[in-house]
Structures are given as structure tokens and as C-alpha cells.
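> Dropping a structure here in C-alpha cells format, bear with me for questions.
4 protein chains.
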Amino acid sequence: MNYQSILDSIQKEISSFKNTGKVATYIPELGKVDAHKFGLHLQCVTGEHFALGDAEERFSIQSISKVISLSYALKLAGNSIWQRVDVEPSGDPFNSLVQLEYEKGIPRNPFINAGALVITDILMGHLKKPKEDFLHYVRDIANDQTITYDESVAASEMKHKFRNASLANLMKDFGNLQHNVDDVLDFYFHQCAIAMSCKQLSEAFTIFLNYPKGDHSKQARTLEPILAKRINALMLTCGFYDESGEFAFRVGLPGKSGVGGGIVALHPKQYCIAVWSPPLNAKGNSELGMKVLELFTSRTGISVF
Amino acid sequence: MNYQSILDSIQKEISSFKNTGKVATYIPELGKVDAHKFGLHLQCVTGEHFALGDAEERFSIQSISKVISLSYALKLAGNSIWQRVDVEPSGDPFNSLVQLEYEKGIPRNPFINAGALVITDILMGHLKKPKEDFLHYVRDIANDQTITYDESVAASEMKHKFRNASLANLMKDFGNLQHNVDDVLDFYFHQCAIAMSCKQLSEAFTIFLNYPKGDHSKQARTLEPILAKRINALMLTCGFYDESGEFAFRVGLPGKSGVGGGIVALHPKQYCIAVWSPPLNAKGNSELGMKVLELFTSRTGISVF
Amino acid sequence: MNYQSILDSIQKEISSFKNTGKVATYIPELGKVDAHKFGLHLQCVTGEHFALGDAEERFSIQSISKVISLSYALKLAGNSIWQRVDVEPSGDPFNSLVQLEYEKGIPRNPFINAGALVITDILMGHLKKPKEDFLHYVRDIANDQTITYDESVAASEMKHKFRNASLANLMKDFGNLQHNVDDVLDFYFHQCAIAMSCKQLSEAFTIFLNYPKGDHSKQARTLEPILAKRINALMLTCGFYDESGEFAFRVGLPGKSGVGGGIVALHPKQYCIAVWSPPLNAKGNSELGMKVLELFTSRTGISVF
Amino acid sequence: MNYQSILDSIQKEISSFKNTGKVATYIPELGKVDAHKFGLHLQCVTGEHFALGDAEERFSIQSISKVISLSYALKLAGNSIWQRVDVEPSGDPFNSLVQLEYEKGIPRNPFINAGALVITDILMGHLKKPKEDFLHYVRDIANDQTITYDESVAASEMKHKFRNASLANLMKDFGNLQHNVDDVLDFYFHQCAIAMSCKQLSEAFTIFLNYPKGDHSKQARTLEPILAKRINALMLTCGFYDESGEFAFRVGLPGKSGVGGGIVALHPKQYCIAVWSPPLNAKGNSELGMKVLELFTSRTGISVF
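Residue numbers (full-length UniProt numbering), protein chains in the order written: chain A, 1 to 305; chain B, 1 to 305; chain C, 1 to 305; chain D, 1 to 305.
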């Protein structure tokens with residue numbers, strides 16, 4: 001597959017793309033980003049890699065961190081985590097309390113905020129220094145020791161914590177949160193506030209690729225195939241809030257978006273691709289990011305379907 | 001891949017499986033089936049095929065017909081159908097009115113009952129003799145002219161039509177149904193009442209395999225890759241009512257179940273597999289069928305993830 | 001109490017009232033009414049009565065009929081009816097399916113459409129000729145043999161039956177409707193299609209006044225005090241769709257509205273008052289009607305609170 | 001009316017009442033109460049008063065405080081409060097988040113927890129020392145300077161604050177709470193933790209009686225008739241969680257219950273009656289308390305209906 005020429009053709013096509021999306025502003029720090037930033041990085045199992053635009057500029061990964069947290073919790077706690085969080089699409093916006101109340105404090109899946117708060121609570125039960133340990137894990141899977149938290153973003157999230165505090169308190173009331181609510185929120189907001197580039201994200205997500213056992217250096221950091229399969233399934237069914245069906249339909253890859261404008265997607269055994277464009281569509285996903293990934297799977301003719 | 005030995009090992013394992021499911025009885029005709037029936041048919045793109053148990057015995061395909069109806073509607077009406085039905089998981093039971101009311105008569109996806117009723121209404125706008133034409137389409141893609149409606153099942157569905165009549169009238173009220181409610185229900189119940197075997201189903205669903213263009217005899221009946229991709233994405237995200245996430249998680253294939261106890265699943269470019277065991281779990285999917293498919297993708301080590 | 005001077009002052013005040021409401025048009029027949037019509041009739045237990053404007057012009061009573069149907073069902077079937085319909089405010093619009101689904105086909109109260117359909121079904125179980133018998137009951141309590149159905153309104157309702165058909169089919173599915181759906185709808189739509197004037201309505205509703213036993217001619221038609229108390233309680237908590245709290249708050253009387261623009265309210269042991277002005281506010285209640293009744297209880301200084 | 005003989009007959013009848021209710025235990029302090037306690041106090045506008053059982057023993061008034069808080073907020077802030085809280089029955093349990101989310105942080109009425117939290121927030125904007133000032137108001141209307149907070153109950157509520165903290169944070173997120181969440185909760189829990197007897201409650205609630213102007217000593221503390229009318233309407237439509245319709249139906253008086261087992265009800269211009277029995281029915285209202293009040297209005301033959 002000649003990825004370079006496909007990427008070139010995509011770059012050409014999107015040069016005239018009229019973005020109707022809006023940069024997230026629910027916390028001021030996110031609103032400061034340049035709306036015209038665009039980056040893409042493709043990392044293949046063969047070792048080949050390709051880049052477009054601002055591929056090495058770091059941005060707030062936000063909800064993309066939920067996949068990393070889930071993989072870490074599965075490594076540490078195994079399948080016991082599924083007693084506290086379900087694996088079904090929610091059919092509701094990412095921060096909905098309605099479903100959580102009807103379903104007695106068990107979040108629908110680990111990629112809605114409520115689910116990620118439970119995963120955070122689980123991690124806290126297994127880590128001595130949660131924030132430090134988590135950062136080490138991220139650096140390890142991304143193979144880059146410079147990755148760090150953006151503390152001003154984390155602080156801003158804490159200042160506007162009310163919706164997430166409502167979710168966390170509701171789960172606490174149902175007995176599905178063991179630690180102090182503010183401690184859980186602080187750790188959760190730090191996860192969201194990690195700054196990474198498309199290059200770093202596409203490297204980190206190779207742990208979900210299920211690729212052959214030859215590559216020993218990487219092997220150590222790779223998830224067991226059965227865990228990677230499950231996380232990929234969750235990304236495909238639940239990775240894009242209440243637009244997950246649309247993404248599966250148009251792009252056809254497991255993936256995860258964040259309100260910082262990033263999207264990571266992957267084709268098991270083949271490649272990871274990360275794209276970044278801050279303006280979000282009405283459902284909270286990067287408008288241009290989704291367009292680019294749709295073009296990519298259409299032109300390669302390869303998706304999981 | 002030595003499919004035969006994998007299937008043999010599965011058959012051995014399930015011989016001691018304790019089924020806790022229950023045969024559907026909401027219409028008396030479905031309740032008459034022998035709960036111990038079990039069949040499986042695997043149809044590979046290579047032409048190889050494998051069978052277990054009652055693979056050639058016909059049963060009521062019920063909601064599996066929704067995939068066939070969707071493929072026919074897409075062939076006839078193209079992407080215009082998405083103005084009348086969405087592509088998102090519902091997060092609610094298959095016959096829920098709640099979501100339909102909140103979302104003004106636009107069903108969440110074509111695989112919940114409301115969505116299938118809209119697809120039925122669309123087909124009626126394109127077919128001269130809907131029931132006859134639809135049967136010809138099914139016979140054509142399954143390459144078997146003996147397939148037919150089970151009229152006693154269709155009549156029984158009509159006698160217990162009230163929940164579906166409620167859905168249909170609600171959509172009619174919202175303006176999302178063009179034909180007479182009872183005519184739509186009659187055609188819809190006939191689609192559900194088609195009787196097919198695992199062998200016939202696994203053959204019919206090869207139209208979604210996106211396989212290479214060499215096989216000219218089959219080619220004529222195969223869907224365009226872009227349509228197959230979309231239907232596969234929908235099966236993966238919405239094919240198992242509110243257990244779709246669980247199926248993706250455990251099995252990892254696009255598929256569709258029916259309350260007659262059948263499940264069809266497929267791996268694009270590789271194979272279709274149909275399995276049949278009448279007792280259903282609490283979510284309405286064949287308990288043993290899901291177990292068998294989970295064993296199959298675990299032992300082959302191949303899923304779309 | 002000098003009712004005449006109070007009514008005169010109200011008429012003066014509303015002469016400059018700017019109505020922002022809209023005449024109901026969901027069936028064409030209702031839309032034909034003159035939006036400027038206004039009538040009021042006050043019937044006191046003393047026998048005194050007072051009128052304003054078009055007090056003797058007949059209009060479609062619509063949902064006001066639900067109170068009459070309930071009183072008739074209570075007379076015929078007694079408290080057994082409460083096994084099939086509850087007595088709580090719904091907190092949702094009058095034709096909502098959501099609550100009905102969550103609550104397994106038991107309507108919240110007899111004054112939402114679903115509840116009135118159940119009451120209709122109950123009446124059918126006790127009446128030989130439902131439509132004739134019901135009309136006799138209405139004529140009897142209103143003491144006026146000229147009252148009749150507006151068949152063109154009933155026919156128009158039937159033609160646009162879909163939302164109510166959805167409700168009825170859902171209850172049928174839950175086993176809370178014994179008769180044929182279309183027969184229930186036909187009888188229900190006839191009840192709604194009764195044409196009465198403010199004068200006739202204020203006379204009919206005196207059966208709920210619980211007034212002293214001296215008046216023997218009327219006594220025969222009056223409800224037992226315990227039944228009248230219950231119906232009055234229901235009118236106060238549930239009589240104005242999801243604006244019942246507002247009506248209790250501003251007017252402070254038991255009452256019932258209809259989309260034809262009529263409202264009947266009453267003060268137990270004192271008077272009935274009926275008012276008619278077709279334009280409806282956003283919640284479906286007569287805008288001017290509510291205003292007039294608020295002025296009336298404010299100026300008399302008398303409400304049940 | 002010979003109230004004494006009616007009360008005697010009620011006491012006799014309930015001596016054999018088999019209580020199936022359960023004492024509230026969601027906070028340990030409430031669970032410590034003796035389930036067999038029973039008190040009743042009737043305070044008439046004439047000055048007459050009557051008592052049964054433990055009429056002077058103090059208990060935790062809990063949600064009964066919501067009516068007192070509302071009256072105080074109306075005195076201080078007038079009708080501006082209705083911009084932040086609605087006046088409709090909720091149709092959902094008293095602590096439901098669902099409706100609050102759908103309705104953008106505006107609680108349905110001041111008697112569900114969310115609404116009372118908003119009222120608390122409003123009071124904080126008008127009071128220099130909220131807890132002290134509120135206590136003075138209660139002592140003033142009850143004409144008893146010994147009334148005080150039960151600090152152990154307030155502390156226990158704070159320790160189990162999570163459901164209310166979830167509500168408060170959600171409203172904070174919607175912008176409908178101006179003060180610090182924990183400060184609002186602390187003040188709110190103190191209101192709930194006031195300890196009063198039936199005698200004190202029936203005295204305090206005379207401010208809602210709208211009685212003649214002759215009694216000058218009391219007059220100073222009495223609410224304006226227009227405010228009393230509105231609060232009475234709210235008690236009738238919303239005073240008993242999702243059993244408000246049932247209470248209106250069986251008892252027919254404005255009233256308010258608390259999970260401490262108390263109920264206060266009143267007949268405008270005639271009397272206040274307070275009753276206390278700790279075991280609650282499934283909807284959270286005193287089972288015996290409702291029974292006694294139903295007997296009372298049935299045997300006197302007087303209710304607002």
C-alpha cells in the first residue's frame with residue numbers, strides 16, 4: 001500500500017475543507033488553541049511511519065486518555081473491573097446522568113465520563129502514587145520520557161468540575177466509588193490533561209495492534225491479545241460518544257476521540273493513525289479528523305469491515 | 001486454518017453446556033420448537049464449508065431478516081434511507097418506545113423494530129409486489145429457490161401485533177411512515193417469518209463479505225463494498241439489541257441475532273458462520289449461539305479486532 | 001359575594017388582553033373555530049347564575065369529557081378502576097408514551113390520554129350501547145337533552161388517530177385494554193367530540209359540588225361525596241396536563257381544560273364556573289381562560305387554599 | 001364539630017393497625033427512633049387544640065422544613081424565586097436526577113430535594129448568618145424559643161451527602177446555584193435536622209391558614225394570603241413526593257411529609273394538624289400518619305374538596 005501518495009491526496013483534498021466545527025471552550029485553557037492546527041501520524045507494524053502537518057505538536061489528549069487508563073486497569077486488575085462498569089454503548093451524551101441513575105451507578109462503558117471515573121477509582125486501589133505511576137505507564141507505552149501533564153489544564157478542569165462531581169457523587173451514593181470524590185476527580189483530570197502529539201499517540205496505541213511476536217523490544221509493552229481485542233471492540237462500539245455508530249459506519253476502525261480535537265484509530269495487525277484538528281462537530285468529535293479518517297479508509301479500501 | 005478440528009473441539013466442549021436460556025414464547029408458534037436443536041454452518045470465501053448438527057434444518061429467522069431488508073433497501077433507495085433512520089446504537093431494548101418519542105419518530109438504527117418498520121415502509125415504496133419481490137431477493141442471495149415464508153408464524157405475529165403496532169402508529173404520527181400501518185406490519189411480519197437453515201443463512205450473508213472479484217457467478221449478487229462495509233459496521237454496533245457491546249467484546253465479529261435462536265456472523269473477506277440454538281438469554285440472544293461463536297473466534301485467534 | 005360586579009370588572013380588564021395563544025389545529029375541524037369567541041358561565045349552588053359573552057354557544061369539549069367519563073366509570077365500576085389507572089400527576093405531556101412504557105401500561109391518571117382510553121375500555125365493559133348510553137349520561141347530568149356528538153369532529157379525530165392508536169396498542173400489549181383498539185378509539189373520540197356550551201358544562205359539573213341534600217331533583221344525579229372528593233382531588237393535581245401545578249398555584253380550584261379552549265373549574269359546595277376562549281398557551285390550556293379564572297379567585301378572595 | 005370524639009374514635013381504630021412500614025435508616029441517627037411512637041396535634045383557628053399520644057415529643061422534621069424554607073424565601077425574595085424553581089409535580093422520586101438533567105438544572109418544585117437546595121441557596125443570598133437567622137424564623141412562627149437543630153442528625157446527613165451532592169453539583173454546573181456546594185449542603189442539612197413536636201409544627205403551620213385578621217399577636221407572623229394560597233397549592237400538588245396524588249385523593253388537604261415520620265396538613269381558615277409515626281411506606285411517607293389523616297377528613301366530612 002502506497003500510504004504516502006494516499007496521504008498526499010488527502011492533504012490536497014482537505015486544503016479546501018470548510019470547517020464548521022467549534023473549538024471546545026468549556027474550560028478556558030482548551031479554548032486557547034489555534035483552530036487551524038492540523039497534524040496526522042501513521043505508524044505501521046512494519047516500522048514505516050508517515051506524517052502530515054503538526055504531527056509532533058502536543059495537545060491535550062482529553063478523553064483519549066480513557067483508553068490508556070482502561071488498558072492499565074485491565075493489566076492491574078484483570079476482568080474483575082467488569083463488575084463495576086459495563087461494555088455497552090450508551091446511546092446518550094458522554095456526560096449523561098440519566099442512564100447512570102436508572103442503572104444504579106454502573107456506567108454503561110469505560111469511555112463515558114462516569115465509566116472513566118470508575119476506572120480511575122480502580123487504578124487508585126492498585127497504585128501507590130497514582131499520578132506518577134500513570135505518567136510512567138504512558139511514557140513507557142509511548143516510548144517517550146518527555147510526556148507530561150499540562151497542570152494548567154488539570155487545574156482548569158478542577159475549577160469547572162461540577163458536572164463530573166455530580167457523576168462521581170452519584171456513583172459514590174450507589175457504592176461504586178471507593179476513594180474520596182475530589183481525589184478521584186483530581187487524578188481523572190490529570191489523565192485528561194496529558195499533552196501528547198499525534199506521533200506519540202500513534203506509537204502508544206500500537207499496544208492494541210495484536211501484532212506478531214517477533215518484535216521483542218516492543219513485546220514487553222504490548223497487551224495480551226485477548227485484552228487488546230476487548231479494548232478494540234469497546235473503541236469501535238463506544239469510542240465516539242453518541243456518534244460511535246457514525247464513526248464505525250464512515251471510517252470502520254476502532255478509535256477514540258478527545259475534546260482537544262485528537263482522534264486515534266487503528267487497524268489490528270496493521271497500523272495506528274492519529275489525527276488532530278481542534279474544531280469539534282456537534283457531537284464533540286473533531287470534524288476534520290473524522291473526515292480525514294473516512295478518506296483514509298475509503299482510499300486504502302481497508303477497514304475492519 | 002484447520003476449521004474442522006476447531007469445530008470438532010467446540011462440539012465436544014458444548015456437549016456438557018448447561019443452557020439456562022429460554023425459548024421465545026411471545027408468539028405460540030415460536031414456542032413449539034425443540035429447545036435441544038443445534039446447528040452450525042461455516043461458509044468460507046474459498047468455497048470450503050463445514051457443518052455441525054442440524055445445519056440444514058430450517059427455523060424462523062426473525063430479526064436476522066432485518067439485515068437482508070436493509071441490504072435490499074440500500075440497493076433500491078441508496079443512502080437516502082438515512083434521512084429516515086439513524087445509525088447509532090440504541091442503548092435500549094429492541095422494542096423501546098421511549099427513545100423513539102424523544103427523537104421524534106426517527107429510529108436509532110435499522111436493526112431495532114422501529115427501524116426495520118421504516119425500512120419495510122421504504123421497500124414498499126419501491127416494490128410492486130412487496131412480499132413476492134422480497135422472497136425472490138432472499139432466494140437469489142441464498143441461491144436457493146425453496147426458501148419461503150412460514151405463514152403460520154406470520155399470522156401469529158399479526159395476532160400479537162400490539163407492541164409493533166404501537167411503534168408503527170407513533171412513527172406514522174411523526175410522519176415517518178408512508179403506508180397503511182397494518183400493511184407495513186403484515187409485510188414486516190412476513191420478513192421475520194422466513195424459514196431458513198444455517199446453511200442457507202451462511203450462504204446468503206456472503207453478500208457482505210467484500211471478497212475478491214474473481215467469482216463471477218456470485219459477483220452479480222454481491223453488494224458494493226461501500227454498502228457492505230456500512231452494513232457490517234451496523235451489525236457490529238447494533239446487531240444484538242442492548243447486548244451488542246457484549247457480542248463485539250466476546251466474539252468480535254459483525255453479526256445479527258433473531259429470537260428464533262439463530263445468529264449469523266461474518267469475517268469480511270474470509271467467512272460467514274451461522275449458528276442455531278433456540279434458548280435465549282435475558283437480552284434475547286441465543287445463549288449457546290453466543291458461546292459457540294466466542295469459542296470459535298477465540299480458538300481461531302481471528303476476529304476483526 | 002357580588003359576583004356580577006366582579007365578573008363585570010373582569011370583562012372590562014380582559015377587553016385589552018393581548019392573546020398570544022394559538023387555536024389547536026392538529027385536527028382541521030378544531031382549527032375552524034373563531035379565535036375571538038369568549039364565553040363564561042357561573043352556576044352557584046344557590047341557583048343563582050351569571051354569564052358573559054358567548055356563554056351559550058357550543059364548542060368541542062375535548063378533554064373536559066375525561067372528567068365526565070371518569071365519574072360515569074366510578075358510578076358503574078367503583079373503586080376497582082384504580083387497579084388499571086393510577087392517581088398521580090404525570091409530570092409529562094398529556095400524550096407521552098415514555099412513562100406508560102416504564103410503568104408497564106398503567107397510566108398515571110385518568111386525565112392523560114392513556115388513562116382516558118383505559119376508562120373508555122372500562123365503560124365499554126359496562127354499557128350495552130356505549131356511545132348512546134354515554135350521551136344519555138351527559139344529557140342527564142347537564143339536564144339538557146339537546147346535547148350531542150359533533151360527528152365531523154369525531155371523524156376527523158379518527159383520521160388523525162395515530163398517536164392515540166400508539167398509546168392504545170401499547171396498553172393492549174401490556175394487557176390493560178380489553179376491547180378492540182379501533183372500537184376503543186372510536187368511542188373515545190366521540191366523547192371528546194361532544195359539543196357543549198359554558199352554560200351546559202357549568203350545570204353538568206355541579207355533580208361534583210358536594211352540596212347540601214335539600215335539592216332533591218338534582219340529588220338523583222349527584223355523585224356520592226366520597227367520589228366527588230376524589231375526582232376533585234384528581235382535577236386539582238392532574239387537570240391541566242403538565243401545567244396542573246401552575247393552575248393550582250394561580251387559580252386554586254379543581255378544574256379541567258380541553259384543547260377546544262374550554263375550562264371548567266369549581267369550588268366545592270359553592271359554584272361551578274366554565275369559561276371558553278379557543279387560543280391555547282404552549283401547554284395546551286386556554287390562555288385567556290386561565291387568566292380569567294385567576295382574576296376570579298383573586299378578586300373573590302376565595303379558592304380552596 | 002366535635003373534634004375530641006372524632007380523635008378518640010380514630011385512636012381506638014388505629015390501636016389494632018398493623019404497620020407494614022419501615023423506619024428510615026439511610027442515616028443511622030434516624031434509625032434510632034422508637035418505631036411505636038405516635039403523636040398528633042390539632043390546632044384550630046378558634047384557639048382550641050387537641051392532642052393524642054406523643055404530641056409534645058420532638059422528632060426530626062426533615063422535608064417538612066422545605067415548606068418553612070419556602071415561606072421564608074418568599075418573604076425575603078418574593079416571586080423572583082420562580083425563575084429558579086418551577087411549581088409542577090415531578091412525577092418522579094424525590095431525589096431524581098433524571099428530570100433535573102432534562103430540564104437544565106431548574107427543579108420541578110421547591111419540595112423535591114433539588115428545589116429545596118435552590119431555595120437554600122436563595123436564602124443564603126439574603127441572610128447574614130443563615131443557620132442562626134433561619135432558626136430564629138422557625139422559633140418565631142412556632143412561637144417557641146426552645147426549638148433547635150439536632151447537630152448529630154445534621155452531621156450524619158453531611159456524612160452521607162452524596163446523592164444530594166450530586167444534585168447540587170449538577171445544578172451548579174447549570175448555573176442554578178450561587179454559593180459553595182458544601183456550604184449549601186450544610187445549611188440544607190441543618191434545616192432538615194430541626195427537631196420539633198407535633199404541637200410545635202401545628203402551631204408553626206398556622207401561618208398558612210389565611211385566617212381572619214382579628215388575631216393581632218399572630219398577625220405579625222402570618223403570611224400574606226396570596227403567598228399562603230400558593231404554598232398551599234404547592235403542598236397539595238407536590239407535598240408527598242410521587243404519592244402526592246394519592247394523598248390529595250385520600251386525605252384532600254394541603255400537607256407535607258418528612259422521612260422522620262411526620263406529616264403536617266391544614267385546612268385553610270380552619271385548622272392545622274400534625275401527626276407523627278416513624279414507619280414509612282414504600283413511597284417514603286408515614287404509613288400510619290396517612291391513615292390517620294384519611295380517617296380524620298373522612299369522619300369530619302371536611303376536606304378542601
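Even for Gly, the Cβ is constructed at its ideal location relative to N, Cα and C.
How do the stretch 243–258 of chain D and the stretch 8–17 of chain D stand: do at least 3 beta-carbon pairs fall below 8 Å, yes or no?
no
> Going by DSSP in three states, A51(D) sits in which element: helix, strand or coil?
strand
> Going by DSSP, name the residue or residues bridged to L42(B).
F50(B) and I273(B)
> Residues of chain C with CB closer than 8 Å to the CB of C238(D), please, in chain order.
G245
> Is it a yes or a no for the stretch 53–73 of chain A touching the stretch 250–266 of chain A, going by three-plus beta-carbon pairs under 8 Å?
yes
> Would you say N232(B) lies against chain A (beta-carbon separation less than 7 Å)?
Yes, its Cβ sits closer than 7 Å to a Cβ of chain A.
> I need the straight-line Cα distance from Q145(A) to M196(A), nearest angstrom please.
Just so you know, the alpha carbons of Q145(A) and M196(A) end up roughly 11 Å apart.
> Would S90(B) count as contacting chain A if we go by Cβ distances under 7 Å?
yes
> Across the stretch 42–54 of chain D and the stretch 197–206 of chain D, are there enough close Cβ pairs to call them in contact, namely three or more that are closer than 8 Å?
yes
> So which residues on chain A does A165(D) lean against when the C-beta distance must stay under 7 Å?
N169
> Roughly how many whole angstroms lie between the Cα atoms of I302(C) and N79(C)?
31 Å
> With 7 Å as the limit, tell me which residues of the stretch 64–91 of chain A have their beta carbon closer than that to any beta carbon of chain B; keep them in chain order.
Cβ contacts with chain B: V87, E88, P89, S90 and G91.
> Contact check, K131(D) vs H190(D) under 8 Å by CB: the rounded distance?
Beta-carbon to beta-carbon, K131(D) and H190(D) are separated by about 5 Å, close enough to satisfy the 8 Å threshold.
> Quick one: which residues of the stretch 95–109 of chain D get their C-beta closer than 8 Å to a C-beta of chain C? List them in chain order.
Q99, R108 and N109
> Hey, how far is the Cα of V181(D) from the Cα of T206(D)?
Here the alpha carbons of T206(D) and V181(D) stand approximately 33 Å from one another.
> N113(D) and C238(D) look like a contact to me (Cβ under 8 Å); what is the Cβ gap, rounded to whole Å?
Between C238(D) and N113(D) the Cβ distance is about 12 Å, and since that is not below 8 Å, they are no contact.
> Say whether chain D places a C-beta atom closer than 7 Å to the C-beta of D173(A).
yes
> Since V251(B) and M290(B) should fall inside the 8 Å C-beta cutoff, what is the C-beta to C-beta distance between them, to a whole number of angstroms?
7 Å
> Restricting to runs no shorter than 3 residues, where is the beta strand (DSSP E) found entirely within the stretch 218–284 of chain D?
255–257, 262–267 and 271–276
> Let me know the secondary structure DSSP gives A114(B) once reduced to three states.
DSSP places A114(B) in helix when its eight states are reduced to three.
> Where in the stretch 50–94 of chain D do unbroken runs of the beta strand (DSSP E), each at least 3 residues long, occur, reported from the N-terminal end onward?
Counting only runs of 3 or more, we get nothing.
> Look at the alpha carbon of S5(B) and the alpha carbon of I6(A), and state the distance between them as a whole number of angstroms.
41 Å
> I want to verify the contact list: residues of chain D whose CB lies under 7 Å from the CB of S303(C), in sequence order.
K229
> Am I right that L117(B) and V184(B) are in contact with their C-beta atoms under 8 Å? What's the rounded C-beta distance?
6 Å
> Is L170(B) near S166(C), with beta carbons less than 7 Å apart?
yes
> Closer than 9 Å between beta carbons: that is the criterion. Which residues of the stretch 21–46 of chain B meet it against chain A?
none
> In the DSSP assignment, what residue or residues form a beta bridge with I194(A)?
Y149(A)
> Does DSSP put S286(A) in a helix, in a strand, or in coil?
strand
> Using a Cβ-Cβ cut-off of 6 Å (strictly less than) and excluding sequence neighbours within five positions of C272(C), which residues of its own chain qualify?
Q43, S202, F205, T206 and L266
> By Cβ distance, which residues of its chain are closer than 6 Å to G115(D), with the 5 residues on each side in sequence left out?
Cβ neighbours of G115(D) beyond the five flanking positions: V85, P107 and N109.
> Do you know how far the Cα of G47(A) is from the Cα of Y102(D)?
49 Å
> Let's see if you can read the secondary structure: which residues bound the alpha helix (DSSP H) around I141(C)?
P130 to A142 is the span of the alpha helix (DSSP H), which, as asked, contains I141(C).
> Taking the alpha-carbon of Q83(A) as reference, which of L74(A), K37(A) and H36(A) has the nearest alpha-carbon?
Between Q83(A) and the set L74(A), K37(A) and H36(A), the nearest pair of CA atoms involves L74(A).
> Pull up the DSSP beta-bridge partners for K22(C), would you.
L280(C)
> Which residue's Cα is closest to the Cα of T25(D): P279(D), M124(D) and S90(D)?
P279(D)
> So K32(B) and E57(B) are in contact, right, with Cβ under 8 Å, and what is the actual spacing, rounded?
Actually they are not in contact, since the Cβ atoms of K32(B) and E57(B) sit about 14 Å apart, beyond 8 Å.
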